[in-house]
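As structure tokens, the structure follows; a few thoughts come after it.
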Amino acid sequence: MAKRKGTTPATGAGRRSKRTKTAPAPTFVWKSREWKEKVHCNDDVSILEKISNRKQKVVTKVLLVTEDDDLPREVSIMLMVPGCNRIVTPIHYTWDDPDEYHGTAFYEYYPLGDLAQWKEDFNDRNYKPVPESFIWRFFFQMAQALALLQAQIGPNLEECEILLHRDIKPMNFLVVENPSSTYPSFKLHDFGCATVYRKSEARDSAIVGTFEYQPPEIGKVNTKAAEIWALGACVHFLATGIYPTEDKYEFGEAYVDEHGQDPDEAVDYGGAGRWYAAHVPRQVTPINLSPGQQRQQGLGPFLSHGGERFVHQYSDELNSWMKRCLSFTPGGRPTAIRLVNEMGTVAKKMLYKMGGKAALVDLETEYDVAA
158 MAKRKGTTPA
168 TGAGRRSKRT
178 KTAPAPTFVW
188 KSREWKEKVH
198 CNDDVSILEK
208 ISNRKQKVVT
218 KVLLVTEDDD
228 LPREVSIMLM
238 VPGCNRIVTP
248 IHYTWDDPDE
258 YHGTAFYEYY
268 PLGDLAQWKE
278 DFNDRNYKPV
288 PESFIWRFFF
298 QMAQALALLQ
308 AQIGPNLEEC
318 EILLHRDIKP
328 MNFLVVENPS
338 STYPSFKLHD
348 FGCATVYRKS
358 EARDSAIVGT
368 FEYQPPEIGK
378 VNTKAAEIWA
388 LGACVHFLAT
398 GIYPTEDKYE
408 FGEAYVDEHG
418 QDPDEAVDYG
428 GAGRWYAAHV
438 PRQVTPINLS
448 PGQQRQQGLG
458 PFLSHGGERF
468 VHQYSDELNS
478 WMKRCLSFTP
488 GGRPTAIRLV
498 NEMGTVAKKM
508 LYKMGGKAAL
518 VDLETEYDVA
528 A
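Each position in the sequence shown, counted from 1, maps to that position plus 157 in the numbering used here.
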């Protein structure tokens, strides 16, 4: 693979030539001697700390570059997305790093971590459900992120490609602290499974992503409706702590009892556990029922940390929009722009009622300044 000149792809490259004007971010300058590894997350991802300023950190991710491409697929996809406060995009990229078959992307560091870790820490620290206001903020902001990817909001829509993330799950949302408010914001990241939407491929099956958050139309993840289900599944996780599925372990045990072995197709999924996660029947838990109603309908209580508990009772409005996203019929799910416009109106009213003006901070999308 030939060596390449330069160290940073043009951040203005991609599908939008003009940007809504906001304050530009400071330019990141990479000098390896000024940084050291703080945390080795895995073979590909590390958190680096600046030697002269321990508060300054960045995240690096080593990405494979195929022989036919100039850039890793994840970076190429990200260059098609405008800089936006709902999406995590690279701040720098180095070619042929650590070798000629890889490149390294640099990202801002967010100390609150991803949504799954944040929820676990919240549970351990507070011993109470995630506040409804936090869920509304996540729901609305990430609906904005999907609407942006699906070319339904943003600048220069006529020039846009429609993008599919294809791995929407709690680990792929980052939690961001707001300096002027106790209410966090959220950003979508990790576009390693992303692709450009093609209507001709929407009916094709694809074995990609995290199956627990995928819709009941097994394998049909190359659609905008599948992205909406996944967002609803993340709201379900925040509210209940579980996937919108039946128990995949019980499902797997029942399958083996009936057939005497795991399915032959499991090898295509990388293991039986992943096949069961993809094929276990979907099951949506309502989040607006009182403990008495849950008991009456046989939905609770369930065991948690050695004791019995019920799903927290959230508002009818939140339950309604979550269930719309989790419609078992793809055509019954709202579009991302409908979530932004119609659900967004409800979300803002609920947030103001719950937290006043402080709960409404950072609810508008912002885009980078044109180069």
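Note that the Cβ used here is the ideal one computed from N, Cα and C, for glycine as well. This structure is a prediction, so every number in the text was calculated from the model and none was measured.
Counted as a single uninterrupted DSSP element, the beta strand (DSSP E) harbouring residue 211 occupies residues 210–221.
Apart from sequence neighbours up to five positions away, the residues of its chain that approach residue 334 with a beta-carbon distance below 7 angstroms are 269 and 341, ordered along the chain. Boundaries of the beta strand (DSSP E) harbouring residue 262: 259–265, taken from the DSSP string. Shown here, residue 224 sits in coil according to DSSP, grouped into three states, outside any helix or strand. Taking the Cα positions, residue 460 is about 6 angstroms away from residue 466. In this structure, the beta-carbon distance from residue 431 to residue 485 does not fall below 8 angstroms. Counting only the Cα atoms, residue 399 lies some 14 angstroms from residue 438. Here the alpha carbon of residue 360 sits roughly 21 angstroms from the alpha carbon of residue 348.
Beta-bridge partners of residue 343 (DSSP): 332.
Between the segment 294–307 and the segment 494–501 there are three or more C-beta pairs closer than 8 angstroms, enough to call the two in contact. The beta carbon of residue 275 is closer than 7 angstroms to those of 269 and 332 in its chain, skipping five residues each way along the sequence.
The segment 373–390 and the segment 415–424 do not touch, with fewer than 3 CB-CB distances between them shorter than 8 angstroms. Residue 263 is classed as buried because its beta carbon has at least 16 other beta carbons within 10 Å across all chains shown. According to DSSP, residue pairing for residue 194 in a beta bridge involves 205. The C-beta of residue 213 has fewer than 16 other C-beta atoms within 10 Å across all chains shown, which makes the residue exposed. The C-alpha of residue 382 is placed about 14 angstroms away from the C-alpha of residue 362. In the DSSP assignment, residue 422 falls outside any beta strand (DSSP E) and carries neither an H nor an E.
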